Amino acid sequence: MPKYLIQASYTVEGIKGVMKSGGSARRAVVKEMLERLDGRLEAFYYAFGENDAFVIFDAPDNASVAAVSMAVGASGAARTKTTVLLTPEEIDQAAKKQVMYRPPGQ
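All the letters of the sequence shown, read from the start, carry residue numbers 0 to 105 under numbering that gives the first Met the number 0.
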C-alpha cells in the first residue's frame with residue numbers, strides 16, 4: 000500500500016481545538032479517519048517550527064489521500080502538504096527503468 004507524509008500547520012482555530020481536546024485525541028481522530036478509508040496510521044508527531052504535526056500513513060490510493068486533504072483543508076483548521084513516500088526498493092526499481100528524456104532546447 001502506498002505510504003504518505005502529511006505536514007500540517009494549524010490555524011488559530013485548529014490550535015485552539017488541539018488545546019481543548021489534547022494531542023492524543025487529535026491522533027485518535029486521524030487514526031479513525033484513515034481506517035475508515037482502509038488506510039493505516041504509522042506515526043503522528045507534533046513539532047516546533049513551520050509545521051505543527053507530521054503524519055505518516057498508508058492509504059489504498061491517491062484518491063483517498065486527496066479526499067483527506069480536501070476534508071482537512073475545507074475544515075479551515077489546518078493547512079497541509081502531502082508527500083508520497085517511496086521505499087528504497089521502489090527507488091531500485093525506478094533506477095532500472097529506461098526513460099527516454101530530452102531536455103528542453105535539445
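Think of the CB as a built atom: it goes at the ideal place given N, C-alpha and C, for glycine as much as any other residue.
Quick caveat: nothing in here was measured; it's all calculated off a predicted structure.
- A76 is a Cβ neighbour of Y9, given a cutoff of 8 angstroms.
- Taking a contact as a CB-CB distance under 8 angstroms, the pair R26 and F53 does not count as one, their CB atoms being some 11 angstroms apart.
- Excluding residues up to 5 positions away in sequence, P1 lie with their Cβ nearer than 8 angstroms to the Cβ of D60 in the same chain.
- Rounded to the nearest whole angstrom, the CA to CA distance from G13 to K19 is 10 angstroms.
- Under DSSP, the beta-bridge partners assigned to I55 are L4, A42.
- For G16, the CB contacts under 7 angstroms within the same chain, skipping 5 residues up- and downstream, are A76 in chain order.
- Judged by DSSP secondary structure, K96 falls outside any alpha helix (DSSP H); it is assigned neither H nor E.
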